[in-house]
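Enquirer: Here it is: the structure, laid out below.
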Amino acid sequence: MIASLNQSDRGIYIMTHIPSFPGRVALILSAIAFITSLCHAAEGTGEIPSPKDAPRVVSADPGKPPSDALVLFGGTNLSEWRTEKNEEAKWEIANGVVTVNGTGNIVTRKEFGDCQLHVEFATPAEVKGDGQNRGNSGIKFMGVYEIQVLDSYNNPTYWNGSAGSVYRQVAPLVNASRKPGEWQVYDIVFHAPAFDGKGVLNKPAFVTIIHNGVVVQDHTQILGPTSPPGAPKYVAHPAKQPLLLQDHHARVQYRNIWIREL
Ligand code: MG
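So, in C-alpha cells, the structure goes:
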C-alpha cells in the first residue's frame with residue numbers, strides 16, 4: 190500500500206497511520222539517519238586525487254617573501270628597476286630602505302599582468318603640507334592603474350585619493366593608516382584588464398588590497414587608467430606591462446617589495 194503512494198501522500202499516510210507521538214518521532218529520526226548515511230556514502234565515492242593535480246608547494250614564512258616570489262627590492266639594490274627613460278634607477282638606498290628622492294618615477298624591468306604584490310612603505314616622519322601634498326607616492330599597476338600611497342593619518346583629502354584608494358575612483362573601505370614615519374604594509378591582488386584583437390575591452394581590471402592587515406578594497410573594479418583627471422576610459426595595452434612606483438616629490442620610503450605572478 191505505502192509503496193504505491195507518491196512522496197507527499199506517503200508522508201501523510203505515515204503521519205495518519207502511525208498514531209502514537211513517540212512512534213512518529215522515532216520514524217522521523219530513523220529517516221534522517223538514513224538520509225545522512227546516504228550523504229556520507231556519496232562523499233566517499235570521489236576519485237583518488239592524482240599527485241599531478243596537487244597544488245604546487247610554496248614555502249612561506251610570515252615576514253619573508255614566498256619561495257616563488259620575485260624580490261623587487263630586498264634592501265641592497267634597485268637592479269630590478271629603471272627610470273622611465275630606461276636609465277639606472279637613482280632613488281636613495283640606506284639601511285635596507287629605498288627613499289624617493291625627486292629623481293623621477295621608477296618602473297620594473299620585467300612586465301606583469303595578474304599578480305600578488307607585497308610592499309612596505311613609510312611616509313615621512315616629519316609632517317609637511319596637507320592633503321595630497323603630504324607623503325604622496327603611488328603604486329601604478331601596468332604603469333597606469335594607481336593605488337594611492339599617502340600619509341592619510343589625520344589628513345583629510347578627497348576620499349578616493351587617500352591611502353588605499355584606487356586613485357580618483359574608489360575610496361578605501363576604511364582608513365587603516367598608521368602614523369607618519371611608521372612602517373605600513375600593502376598586500377595587493379591585481380587582475381589585469383583584457384582586450385580583444387581590436388582593442389575593445391573584454392574584461393576590466395580588479396584589485397583587492399589589504400592595508401596593515403585590513404581589507405580596504407575587496408575585488409574592486411577599476412574603471413580605467415587613474416590619470417589624467419576626468420572620466421576614466423580604458424585604452425588597450427599589452428597583457429603585461431611594468432609596475433611603476435611614483436615619485437611625487439615626497440620622501441616616502443619603501444622596503445621588502447616582492448611580487449608573484451598569478
Ligand atoms: Mg600618488
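According to the working numbering, the sequence shown is numbered sequentially starting from 190. Even for Gly, the Cβ is constructed at its ideal location relative to N, Cα and C.
Run the proximity test for residue 435: is its beta-carbon closer than 8 Å to any non-hydrogen atom belonging to the ligand MG?
Expert: Here residue 435 corresponds to residue number 246 of the sequence shown, with the count starting at 1. The answer is yes for residue 435.
Enquirer: Going by DSSP, which residues form a beta bridge with residue 270?
Expert: Within the sequence shown, residue 270 is the residue found at index 81, counting from 1. 297.
Enquirer: Quick check on residue 375: buried or exposed, where buried means 16 or more other Cβ atoms within 10 Å of its Cβ?
Expert: Indexing the sequence shown from 1 puts residue 375 at position 186. The residue in question, residue 375, is buried, as its Cβ has 16 or more Cβ neighbours within 10 Å.
Enquirer: Tell me, to the nearest whole angstrom, how far the beta carbon of residue 336 is from that of residue 396; I am working on the premise that it is less than 8 Å.
Expert: On the sequence shown, position 147 is the one that residue 336 refers to. On the sequence shown, position 207 is the one that residue 396 refers to. With 8 Å as the limit, residue 336 and residue 396 qualify as a contact, their Cβ atoms being about 7 Å apart.
Enquirer: Closest to residue 272 by CA distance: which of 248, 357, 431 and 444 is it?
Expert: Translated into positions along the sequence shown, residue 272 becomes position 83. Nearest option by C-alpha distance: 431.
Enquirer: Return yes when the C-beta of residue 267 is under 8 Å from any heavy atom of the ligand MG, and no when it is not.
Expert: Here residue 267 is taken as the residue at index 78 of the sequence shown, counted from 1. Incorrect: residue 267 has no Cβ contact closer than 8 Å to the ligand MG.
Enquirer: Which of helix, strand or coil does DSSP assign to residue 321?
Expert: Locating residue 321 in the sequence shown gives position 132, counting from the first residue. Helix, per DSSP.
Enquirer: In chain order, what residues of the same chain lie with their CB nearer than 6 Å to the CB of residue 445, ignoring the 5 residues before and after it?
Expert: Along the sequence shown, read from residue 1 onward, the residue named residue 445 stands at position 256. If we look at residue 445 and ignore the five residues flanking it on each side, its Cβ neighbours are 309.
Enquirer: Decide if residue 228 is buried, meaning its Cβ has at least 16 other Cβ atoms within 10 Å, or exposed.
Expert: Reading the sequence shown from its first residue, position 39 is the one you call residue 228. With a pLDDT of 48 at residue 228, under the threshold of 50, the modelled position of that residue is not reliable, and the figure given next carries that caveat. Label assigned to residue 228: exposed.
Enquirer: Tell me, which residues are paired with residue 326 by DSSP?
Expert: Translated into the one-based positions of the sequence shown, residue 326 becomes position 137. In DSSP, residue 326 forms a bridge with 338.
Enquirer: Applying the criterion that 16 or more other CB atoms from any shown protein chain within 10 Å of the CB defines a buried residue, is residue 391 buried or exposed?
Expert: Numbered from its first residue, the sequence shown carries residue 391 at position 202. By the neighbour-count rule (16 or more Cβ atoms within 10 Å), residue 391 is not buried but exposed.
Enquirer: Mapping DSSP to helix, strand and coil, what is residue 241?
Expert: In the sequence shown, the residue the question calls residue 241 occupies position 52. Here residue 241 sits in helix by DSSP.
Enquirer: Using the rule of at least 16 other Cβ atoms within 10 Å of the residue's Cβ for burial, across every protein chain shown, is residue 298 buried or exposed?
Expert: Counting from 1 along the sequence shown, the entry for residue 298 is found at position 109. With fewer than 16 Cβ atoms within 10 Å of its Cβ, residue 298 is classed as exposed.
Enquirer: Run the CB neighbour count on residue 356, radius 10 Å, all protein chains shown included, and call it buried at 16 or more, exposed below.
Expert: Sequence index remark: in the sequence shown, residue 356 carries index 167 (1-based). Under this definition residue 356 is a buried residue.
Enquirer: Mind the definition here: the stretch 259–275 touches the stretch 287–306 only if three or more C-beta pairs lie below 8 Å; say whether that holds.
Expert: They touch, by the three-pair rule.
Enquirer: Would you list the residues sitting across from residue 449 in a DSSP beta bridge?
Expert: For the purposes of this step, residue 449 is identified with residue 260 of the sequence shown, where counting begins at 1. DSSP output for residue 449 lists 305 as bridge partner(s).
Enquirer: Given residue 441, which residues of its chain have a CB within under 8 Å of its CB, disregarding the five upstream and five downstream residues?
Expert: Along the sequence shown, read from residue 1 onward, the residue named residue 441 stands at position 252. Excluding residues within five positions, the ones whose Cβ falls inside 8 Å are 288, 289, 310, 311, 312, 313, 324, 325, 326 and 338.
Enquirer: Mind checking whether residue 370 and residue 315 have CB atoms under 9 Å apart?
Expert: Translated into the one-based positions of the sequence shown, residue 370 becomes position 181. Translated into the one-based positions of the sequence shown, residue 315 becomes position 126. Closer than 9 Å, so yes.
Enquirer: Hey, residue 435 and residue 377: beta-carbon distance below 9 Å or not?
Expert: If you number the sequence shown from 1, residue 435 lands on position 246. If you number the sequence shown from 1, residue 377 lands on position 188. Cβ atoms of residue 435 and residue 377: not closer than 9 Å.
Enquirer: Taking a contact to mean a Cβ-Cβ separation below 9 Å, would you say residue 406 touches residue 332 in this structure?
Expert: As a working mapping, residue 406 is identified with position 217 in the sequence shown. As a working mapping, residue 332 is identified with position 143 in the sequence shown. Not in contact: residue 406 and residue 332 (Cβ atoms no closer than 9 Å).
Enquirer: Please state the DSSP three-state secondary structure of residue 343.
Expert: Stepping through the sequence shown from its first residue, residue 343 is reached at position 154. Coil.
Enquirer: Could you say which of 265, 275, 300 and 276 lies nearest to residue 283 if we only look at CA atoms?
Expert: Sequence index remark: in the sequence shown, residue 283 carries index 94 (1-based). Taking only the C-alpha atoms, the option nearest residue 283 is 265.
Enquirer: Helix, strand or coil for residue 391, going by three-state DSSP, please let me know.
Expert: Taking the sequence shown and counting its residues from 1, one reaches residue 391 at position 202. Looking at residue 391 - three-state DSSP - the assignment turns out to be strand.
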